[in-house]
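Numbering (my numbering), first residue to last: -14 to 225.
No residue lacks a Cβ here, since even glycine has one placed at the ideal position from N, Cα and C.
Note sheet for the following structure.
Printed below as a string of structure tokens:
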């Protein structure tokens, strides 16, 4: 039995999320990243469109140009204390209706025993920051969101935007998949195997395991090989 025969058997029985250690931040982030990068890129094209934005938390809305969307408050970064504060901690006394995602994230934190999701406040760094925490919060939600970071003079607010056009969740094609994968593995510290499988699954692109890699069935087959280095899987080759 080859190294990846086990992965093939698992893929036939369960989805990718069921195969990862949910108490391990790196594995969870690797699972969430690809999906959210696609959604964020699409949202930039179809929603944000380089327009001015304005948020009214009392009404639970965010506006881009003339277009209005429901908003959820995820959390905030402080430039003064260099800390992150989850929305569910609710130091701003917001109404419960805009904290649904934050509270859902807290439930996930306890269910997965994932400290980054269940500690109310902690220091921001290269791993734990508003962008990364919002990626995980939105990707794990039962609802469909993209996130938006709204800077202000003392830090930034991270918000989830809902009721989005279907184009925001459009799948990507072969060239986009290759470019996004290369971008992410160069920019982020992630498990490449989890990232690739999760993105293919979300993209509804079928794939099969063969020897030390997989074959993703786009309009033409994409071959991705992996190796294990210090408990993480790394891409060694990606080509058509």
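Annotation: residue 57 to residue 46 spans about 8 Å, alpha carbon to alpha carbon. Secondary structure note for residue 144: its beta strand (DSSP E) is the uninterrupted segment 140 to 146. Less than 8 Å divides the Cβ of residue 15 from the Cβ of residue 180. In the structure shown, the three-state DSSP call for residue 79 is coil. In the DSSP assignment, residue 158 falls outside any beta strand (DSSP E) and carries neither an H nor an E. Going by beta carbons, residue 178 and residue 211 fall inside the 8 Å limit. As the crow flies, the alpha-carbon of residue 67 is around 24 Å from that of residue 83. Close CB contacts of residue 155 within its chain, under the 7 Å cut and outside five residues either way in sequence, are with 27 (chain order).
In the pairwise beta carbon analysis, the stretch 86 to 102 is classified as not touching the stretch 40 to 54: fewer than three pairs are separated by under 8 Å. Here DSSP, grouped into helix, strand and coil, assigns residue 192 to strand.
The beta carbon of residue 186 sits closer than 8 Å to those of 0, 1, all from its chain and outside the five residues before and after it, given in chain order.
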